[in-house]
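Reviewing the structure listed below.
Residue numbers (full-length UniProt numbering): 1 to 538.
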């Protein structure tokens, strides 16, 4: 173990013959900072992994190289530059003074050095935490380094210091509480993030709390639960933003952005939003994205009737996807997996199309064309106004999906809507027309494969800005059809599956996409690197 550290302290370990023969550079001959493109803040000696190392700290990096001690012939100490290791400071999320304490001792103790905690990128989009120990027994030396390291970490933007946390104890296998207190809370504590935790007791509890919450006291909001829980919190955050902005909540054609980011800790069954943000269902990965302050702006939809706002959301299904959810909700007494499997099989067995009218406004993509005729055509189209651009289709549809995000999950690795993105200002409209049960099952199976799930004559896809869906009342239904409709929805209402949450509505629903309306903690999965990383943590 090293005592007072400085560049002139001689390590006690003797170099072997093989080590002495290596080509090494003298300690004083290290490349100047200008050549490295960074100004050193501190330089000293620490023991790292039982080796004495020359350690240099800059605002961007922490780097160290092992030191070869003085040889018996009297040669000066040298640094093995070809063994230099580097930590990018942007990957560090916590630094602590390391002390030895006796059992029951809570304060004080013998100083051993500094521990640096970094975020390590693993395979399959997974993140994990890693500790590097810089051992040194000097109080003054370690305190100086500790202060500089903390100043660098405090300079990173978007890293939260205080979070409002919602935990849904009823999600999936009732594992959310365990996930939070065993995996998430320890990392928040390590990163010195203060938390205010609400364990929800009923549906709508988080929404009620958010409406009255003073969000300016927090840097972000976190939800631990499934897709339905996350949808409720996201809706509450955006609704709170409209209230704070003095807007009415009955009809909001141009909503304001949410004031704080939302973090998603997956603890549900499907976890579509978590998969879409992180590329994986992994609580530690989700937590580290929050701790590191990785911010991703995301598009959000509003679902409205002609007279009122129904809710905010990221995706919706009408028809088969909604009927399945409605039936599952009526069998809450069953275990989660059994309930969803039963509802899926039952709805598939009673497969019936929905008669409705769809109107949609296609996304207007500007074409980069220098021809004068094309420019004149564009100007003419703009003058026509949006009314002439609306398209209308009417018929019997097995399922209608409206999605502003790709909606990745384990059952659909390419996504339910692979052609859209998190924040490109558009929605994917996927219409499955009436067909045989066999063909519909083939379509569903394609989601789990790499094949194109839309390559069927009865499936149509559109890239749109707005959608209006008007169900048509069915008359002359036989007893079986009436039983099917009544078993899955309230009389006169049609079920909607919005982000895994059930909504029932009888009238026309108008869906609009609002670009980058909320910030979520996470990344764009298109940018995730699949390369493996190595860790030299001690």
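Backbone N, C-alpha and C define an ideal beta-carbon position, used for all residues, glycine too.
Worksheet item: Which ranges would you report for the alpha helix (DSSP H) in the stretch 308–375 if only whole runs of at least 4 residues count?
Response: For the stretch 308–375, the continuous alpha helix (DSSP H) assignments of 4+ residues that do not extend past its boundaries occur at 320–329 and 336–349, in sequence order.
Worksheet entry | Backbone secondary structure at residue 145 - three-state DSSP | For the purposes of this step, residue 145 is identified with residue 145 of the chain shown, where counting begins at 1. Note: residue 145 maps to helix in three-state DSSP.
Practice prompt. With residue 299 as the anchor, note down where its beta strand (DSSP E) starts and where it stops.
Written response: Looking up residue 299 in the chain shown gives position 299. Looking at the DSSP string, the run of the beta strand (DSSP E) that includes residue 299 is 295–304.
Worksheet item: Do you know offhand how far residue 353's Cα is from residue 433's?
Response: Looking up residue 353 in the chain shown gives position 353. Looking up residue 433 in the chain shown gives position 433. Straight-line Cα distance between these residues: approximately 8 angstroms.
Discussion item. If you reduce the DSSP assignment to three classes, tell me which class residue 406 lands in.
Written reply: Translated into the one-based positions of the chain shown, residue 406 becomes position 406. It is coil, neither helix nor strand.
Practice prompt. Identify which residue in 340, 389, 347 and 346 has its Cα closest to the Cα of residue 359.
Written response: Here residue 359 is taken as the residue at index 359 of the chain shown, counted from 1. The option with the nearest alpha carbon to residue 359 is 389.
Worksheet item: Given residue 298, which residues of its chain have a CB within under 6 angstroms of its CB, disregarding the five upstream and five downstream residues?
Response: If you number the chain shown from 1, residue 298 lands on position 298. Residues 422, 423, 518 and 520 of the same chain have their beta carbon placed closer than 6 angstroms to that of residue 298, with the five preceding and five following residues left out of the count.
Worksheet entry | Rounded Cβ spacing between residue 209 and residue 198 (contact assumed at less than 8 angstroms) | Locating residue 209 in the chain shown gives position 209, where the first residue counts as 1. Locating residue 198 in the chain shown gives position 198, where the first residue counts as 1. About 6 angstroms separates the two Cβ atoms, so the contact holds.
Worksheet entry | Short Cβ contact (7 angstroms threshold) for residue 169 with residue 220 | Working through the chain shown from its first residue, we reach residue 169 at position 169. Working through the chain shown from its first residue, we reach residue 220 at position 220. Between residue 169 and residue 220, the C-beta gap is not smaller than 7 angstroms, which leaves the two residues out of contact.
Discussion item. For residue 227 and residue 53, I'd like the C-alpha separation in whole angstroms.
Written reply: Along the chain shown, one-based indexing puts residue 227 at 227. Along the chain shown, one-based indexing puts residue 53 at 53. Straight-line Cα distance between these residues: approximately 48 angstroms.
Worksheet entry | Enclosing beta strand (DSSP E) for residue 113 [first to last residue] | Residue numbering aside, residue 113 sits at position 113 when the chain shown is read from its first letter. Residue 113 -> beta strand (DSSP E) spans 110–121.
Discussion item. With three or more beta-carbon pairs closer than 8 angstroms as the criterion, would you say the stretch 93–100 touches the stretch 109–121?
Written reply: Contact check between the stretch 93–100 and the stretch 109–121: three or more CB pairs, one atom from each, fall below 8 angstroms, which counts as touching.
Discussion item. Taking the alpha carbon of residue 544 as the reference point, which residue from 242, 461 and 313 has its own alpha carbon closest?
Written reply: As displayed, the chain neither begins before 1 nor continues past 538, which places residue 544 out of reach and without an answer.
Worksheet item: How about residue 162: is its C-beta nearer than 7 angstroms to some C-beta of chain C?
Response: The chain inventory of the structure shown lacks chain C, comprising one protein chain alone.
Discussion item. Can you tell me whether residue 282 is helix, strand or coil according to DSSP?
Written reply: Taking the chain shown and counting its residues from 1, one reaches residue 282 at position 282. Coil, per DSSP.
Worksheet item: What is the C-beta distance between residue 426 and residue 363, in whole angstroms, given that I count them as a contact (C-beta under 8 angstroms)?
Response: Here residue 426 corresponds to residue number 426 of the chain shown, with the count starting at 1. Here residue 363 corresponds to residue number 363 of the chain shown, with the count starting at 1. Confirmed, about 5 angstroms.
Discussion item. Here's a check: name, in chain order, each residue in its chain whose Cβ is nearer than 6 angstroms to the Cβ of residue 525, leaving out the five neighbours to either side.
Written reply: Mapped onto the chain shown, residue 525 falls at position 525. Non-local C-beta neighbours of residue 525 in its own chain, meaning closer than 6 angstroms and more than five positions away in sequence, comprise 279, ordered along the chain.
Practice prompt. Hey, could you find the ends of the alpha helix (DSSP H) residue 428 is sitting in?
Written response: By 1-based counting over the chain shown, the position of residue 428 is 428. Boundaries for residue 428: no alpha helix (DSSP H) harbours it, while the beta strand (DSSP E) harbouring it runs 427–433, taken from the DSSP string.
Discussion item. Let me make sure I understand the geometry here. Which of 175, 223, 247 and 431 has the alpha-carbon closest to that of residue 317?
Written reply: By one-based count along the chain shown, residue 317 stands at place 317. When each option's Cα is compared against that of residue 317, the closest is 431.
Fill in: Bridge partner(s) assigned by DSSP for residue 165
Numbered from 1 along the chain shown, position 165 holds the residue referred to as residue 165. Bridge partners of residue 165: 197 and 222.
Practice prompt. Leaving aside the five residues before and after residue 437 along the sequence, list all residues of the same chain whose C-beta is less than 6 angstroms from its C-beta, in chain order.
Written response: Walking along the chain shown from the start, residue 437 turns up at place 437. Only 351 meet the Cβ criterion.
Practice prompt. Write down the C-beta distance between residue 284 and residue 274 rounded to the nearest angstrom, noting that I regard them as a contact closer than 8 angstroms.
Written response: Stepping through the chain shown from its first residue, residue 284 is reached at position 284. Stepping through the chain shown from its first residue, residue 274 is reached at position 274. No, residue 284 and residue 274 are not in contact; Cβ-Cβ is about 12 angstroms, not under 8 angstroms.
Discussion item. Quick check on residue 46: does DSSP put it in helix, strand or coil?
Written reply: Position 46 of the chain shown, counting from 1, holds the residue named residue 46. Three-state DSSP puts residue 46 in a strand.
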